[in-house]
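Colleague: To start, I am sharing the structure in question, which I have written as structure tokens.
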Amino acid sequence: MVSSIMPNYKRFDLAFTQGEGAWLFGTDGRRYLDFGAGIAVSSLGHDHPKLVKAITDQAGKVMHVSNLYRIPQAEALADLLVENSFADSVLFCNSGAEANEALVKLIRRAQFKNGHPERTRIICFNGAFHGRTLAMISATGNPAYLEGFGPRVEGFDHVAFNDLEAVKAAITPETAGILIEPIQGESGIQSATPEFLQGLRALCNQHDLYLGIDEVQTGMGRTGTLFAYEAAGIEPDVVSVAKGIGGGFPLGAVLAREKLARHLTPGTHGSTYGGNPLACAAGLAVVQEILKPGFLEHVRKTGQSFGQMLEKLVEDYPDVFSEVRGRGLMRGLQCKIPISEVLPAVMREGLLAVGAGGNVLRLVPPLIVSRAECQEAVNRIGAACEKLTQPLSQNQEDRV
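Using the working numbering, you'd call the opening residue of the sequence shown number 342 and step up by one each time.
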């Protein structure tokens, strides 16, 4: 018999009563070190005083008015994002999938308005993840996500990741743009090389295409810069963000150059909740905090130290892990043992992490995490490894 909550999630039998910084407190009475952060969402950790105050204060004034009226909180957040990015204009929505939907519409619309209605196709990449709407599962291209939902939405062509020649071969007179994650999170923390991103920028310039970058998971400081694409020394035409921008409150955004943004005129796109006062008050508090002097430097230094700690862990447990992936505070451990065994073992040690494709343990802690907490996380993974690598008979006895 189906439960009152639809069974589309495979949940651990664990719930939480409260959080503080990088820690969560379970209903089982245990204290957990949170290196999942709601899947890279809780950028400022739990119970951050500035974020809590911003939400509480705004909730006591006005939560929602709709986009029929000016929203000062959205204007302030958009101004801040424009001042600190390549973008000229911002569209607000509620999630990463919605942001990516709007990004694709914006690329198509701009090509149409520039006299190229035939340019509707978007080049995407094997291993991508862009969301769960009908269009975005087609942009993702993973057969497991597409099964049972009817025909694919037309207009998405998939090529190999980090293969510039494959991209060149895929460009046709119908190509409108390219959509890429600087680091593919869902498929196992796979990084695009700087040379590949630079090559994509050059191809878009050459063929009058638009370069769209999905920064839903990598953006808002996750890799040590406000956006992950910055490490390649390029600028995109349009970027999608969500997850960390709201620090736990649902918020997404599309940042675009004027040459695209000016074509999203009244009636072409909209969102009932997108950019409402409460969401943008939360986003403003988060982005202001991330942009404070020293914050991103903390992420870079802590992320570098964390990477070194993980490299040592791989050296110490070569039967469990083969390599470290990622950058900043977006890391992955390639597992030799099934992730279905590694993740529960880590959780038994009081560490929360996230599984990813390719048998990878994903580690995406709050950006405020300390080096000491990173070391504590590594210690707990090490303790799990000790038990996972015990002689089989002893390991089986422990699980009984």
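Beta carbons: idealized from backbone N, C-alpha and C, even for Gly. Computed from a predicted model, the values in this text were never measured in an experiment.
Measure the beta-carbon distance from PHE376 to GLY616 and round it to whole angstroms, keeping in mind my assumption that it falls under 8 Å.
Modeller: Numbered from 1 along the sequence shown, position 35 holds the residue referred to as residue 376. Numbered from 1 along the sequence shown, position 275 holds the residue referred to as residue 616. Rounded, the Cβ-Cβ distance is 31 Å, inconsistent with contact.
Colleague: Is it the case that the CB of VAL627 approaches a heavy atom of the ligand ADP more closely than 7 Å?
Modeller: In the structure on display, the ligand ADP does not appear, and there are no ligands present to speak of.
Colleague: Are the Cβ atoms of PHE568 and VAL557 separated by less than 8 Å?
Modeller: Numbered from its first residue, the sequence shown carries residue 568 at position 227. Numbered from its first residue, the sequence shown carries residue 557 at position 216. The answer is no: Cβ separation not under 8 Å.
Colleague: Can you check whether the CB of GLU495 is closer than 8 Å to the CB of GLY593?
Modeller: The count along the sequence shown starts at 1 and reaches residue 593 at position 252. The count along the sequence shown starts at 1 and reaches residue 495 at position 154. Cβ distance not < 8 Å, so GLY593 and GLU495 don't count as in contact.
Colleague: Residues in the same chain with beta-carbon distance under 6 Å from ARG666, minus the five sequence neighbours each way, listed in chain order, please.
Modeller: Looking up residue 666 in the sequence shown gives position 325. These residues qualify, in order along the chain: ILE530 and GLY673.
Colleague: The beta strand (DSSP E) that contains SER581, what's its start and end?
Modeller: Here residue 581 refers to the residue found at position 240 of the sequence shown. Its beta strand (DSSP E) spans residues 579-582.
Colleague: Taking 8 Å as the threshold, find out whether the region 547-564 comes into contact with the region 485-502 through three or more Cβ pairs.
Modeller: Touching, no.
Colleague: Could you give the distance in angstroms between the alpha-carbon of ALA573 and the alpha-carbon of GLY644?
Modeller: The count along the sequence shown starts at 1 and reaches residue 573 at position 232. The count along the sequence shown starts at 1 and reaches residue 644 at position 303. Using only the alpha carbons, I get a separation of about 18 Å.
Colleague: Can you say whether SER734 is buried or exposed, counting buried as having 16 or more other CB atoms within 10 angstroms of its CB?
Modeller: Working through the sequence shown from its first residue, we reach residue 734 at position 393. Residue placement at SER734 is poorly supported in this model, since its pLDDT is 41, which falls under 50; the coordinates still yield a value, given next. Exposed, by the Cβ-count rule.
Colleague: Could you tell me the alpha carbon to alpha carbon distance between HIS610 and SER430, rounded to whole angstroms?
Modeller: For this step, residue 610 is matched to residue 269 along the sequence shown. For this step, residue 430 is matched to residue 89 along the sequence shown. Roughly 15 Å separates the two Cα atoms.
Colleague: Between the C-alpha atoms of VAL741 and GLU656, what's the straight-line distance to the nearest angstrom?
Modeller: Within the sequence shown, numbered from 1, the residue matching residue 741 stands at position 400. Within the sequence shown, numbered from 1, the residue matching residue 656 stands at position 315. Confidence in VAL741 is poor, its pLDDT being 40 and thus under 50, which makes the residue's placement too unreliable to answer from.
Colleague: Checking 8 Å against the spacing of the C-beta atoms, do PRO685 and ALA363 come in under that value?
Modeller: Stepping through the sequence shown from its first residue, residue 685 is reached at position 344. Stepping through the sequence shown from its first residue, residue 363 is reached at position 22. No.
Colleague: For VAL382 versus GLY585, is the C-beta spacing smaller than 8 Å?
Modeller: By 1-based counting over the sequence shown, the position of residue 382 is 41. By 1-based counting over the sequence shown, the position of residue 585 is 244. Cβ distance < 8 Å, so VAL382 and GLY585 count as in contact.
Colleague: To the nearest angstrom, how far is the alpha carbon of GLY360 from that of ILE722?
Modeller: Along the sequence shown, read from residue 1 onward, the residue named residue 360 stands at position 19. Along the sequence shown, read from residue 1 onward, the residue named residue 722 stands at position 381. If I take the Cα positions, the gap works out to 21 Å.
Colleague: Could you say if the region 617-626 and the region 394-414 meet the contact criterion of at least three C-beta pairs nearer than 8 Å?
Modeller: Because the criterion of three Cβ pairs below 8 Å is met, the region 617-626 and the region 394-414 touch.
Colleague: What would DSSP say about ARG373, mapped onto helix, strand or coil?
Modeller: As a working note, residue 373 is residue 32 in the sequence shown. Inspection of the sequence shows that residue 373 is occupied by Tyr rather than by Arg. The answer is strand: DSSP assigns TYR373 an E or B state.
Colleague: Which residue marks the beginning of the alpha helix (DSSP H) containing ALA713, and which one marks its end?
Modeller: Position 372 of the sequence shown, counted from the start, is the residue given in the question as residue 713. ALA713 -> alpha helix (DSSP H) spans 712-729.
Colleague: In whole angstroms, what is the alpha-carbon distance linking ILE463 and VAL627?
Modeller: Position 122 of the sequence shown holds residue 463. Position 286 of the sequence shown holds residue 627. One C-alpha to the other measures close to 31 Å.
Colleague: Leaving out the 5 sequence neighbours to the left and right, which residues in its chain are closer than 6 Å to SER532 when beta-carbon positions are compared?
Modeller: Locating residue 532 in the sequence shown gives position 191, where the first residue counts as 1. If we look at SER532 and ignore the five residues flanking it on each side, its Cβ neighbours are ILE524.
Colleague: What does a CB cutoff of less than 8 Å around SER646 pick up in its chain, not counting 5 residues either side in sequence?
Modeller: Translated into positions along the sequence shown, residue 646 becomes position 305. Same-chain partners within the cutoff: ARG712 and CYS715.
Colleague: With DSSP run on the structure shown, which of helix, strand or coil describes GLN558?
Modeller: Here residue 558 corresponds to residue number 217 of the sequence shown, with the count starting at 1. Coil at GLN558, not helix or strand.
Colleague: Starting from VAL701, trace the beta strand (DSSP E) both ways and give me its first and last residue.
Modeller: In the sequence shown, counting from the first residue as 1, residue 701 sits at position 360. 701-704 is the extent of the beta strand (DSSP E) around VAL701.
Colleague: Along the alpha helix (DSSP H) that carries LEU432, what are the first and last residues, could you check?
Modeller: Along the sequence shown, read from residue 1 onward, the residue named residue 432 stands at position 91. No alpha helix (DSSP H) contains LEU432, which is instead part of the beta strand (DSSP E) from 430-434.
Colleague: Using DSSP with H/G/I as helix, E/B as strand and the rest coil, what is GLU515?
Modeller: Counted from its first residue, the sequence shown places residue 515 at position 174. GLU515: coil per DSSP, three-state reduction.
Colleague: Count the other CB atoms, across all protein chains shown, that sit within 10 Å of the CB of VAL343; report buried if there are 16 or more and exposed otherwise.
Modeller: Position 2 of the sequence shown, counted from the first residue, corresponds to residue 343. VAL343 should be labelled exposed.
Colleague: Considering only residues of the region 565-650, which uninterrupted alpha helix (DSSP H) runs meet the minimum length of 4 residues and lie entirely inside it, listed in chain order?
Modeller: Correct list: 599-602 and 618-631.
Colleague: Quick one, which of LEU605, GLN629 and ILE519 has its alpha-carbon nearest GLU424's?
Modeller: On the sequence shown, residue 424 is found 83 positions in, with the first residue counted as 1. When only C-alpha atoms are compared, the closest one is GLN629.
Colleague: Out of ALA400, ASP549 and GLN539, state which residue places its alpha-carbon closest to the alpha-carbon of LYS600.
Modeller: Looking up residue 600 in the sequence shown gives position 259. Closest option to LYS600, Cα to Cα, is ASP549.
Colleague: If you draw a straight line from the C-alpha of LEU374 to the C-alpha of LEU385, how long is it?
Modeller: Looking up residue 374 in the sequence shown gives position 33. Looking up residue 385 in the sequence shown gives position 44. The alpha-carbon atoms of LEU374 and LEU385 are separated by roughly 14 Å.
Colleague: I'd like to confirm the pairing. Which residues does DSSP put opposite MET671 in its beta bridges?
Modeller: Start at 1 with the first residue of the sequence shown, and residue 671 comes out as number 330. Answer is ARG668.
Colleague: Could you tell me which of GLY518, LEU692 and GLU527 sits nearest to ALA543, measuring between CA atoms?
Modeller: In the sequence shown, counting from the first residue as 1, residue 543 sits at position 202. Looking at the Cα atoms, GLY518 is the closest of the given residues.
Colleague: Which residues in the same chain as ARG641 place their Cβ atom closer than 6 Å to its Cβ, once the five residues preceding and following it in sequence are excluded?
Modeller: The count along the sequence shown starts at 1 and reaches residue 641 at position 300. Cβ neighbours of ARG641 beyond the five flanking positions: GLY565.
Colleague: Can you give the Cα-Cα distance for LYS633 and LEU670, rounded to whole angstroms?
Modeller: Counted from its first residue, the sequence shown places residue 633 at position 292. Counted from its first residue, the sequence shown places residue 670 at position 329. Going from the Cα of LYS633 to the Cα of LEU670 covers about 18 Å.
Colleague: Could you pull out every residue in the same chain whose Cβ sits closer than 8 Å to the Cβ of GLN737, ignoring the five residues on either side in sequence?
Modeller: What you label residue 737 is simply residue 396 of the sequence shown in a count that begins at 1. Low local confidence applies: a pLDDT of 48 at GLN737 is under 50, so the model's placement there is unreliable, with the coordinate-based value given in what follows. Nothing meets the Cβ criterion.
Colleague: By a C-beta neighbour count over all protein chains shown, 10 Å radius and 16 as the cutoff for buried, is ASP354 buried or exposed?
Modeller: The residue given as residue 354 occupies position 13 in the sequence shown. Per the 10 Å Cβ criterion, exposed.
Colleague: Let me check understanding here. Comparing Cα to Cα, which of ALA378, GLU652 and THR358 lies closest to ARG372?
Modeller: Locating residue 372 in the sequence shown gives position 31, where the first residue counts as 1. The residue with the shortest Cα to Cα distance from ARG372 is THR358.
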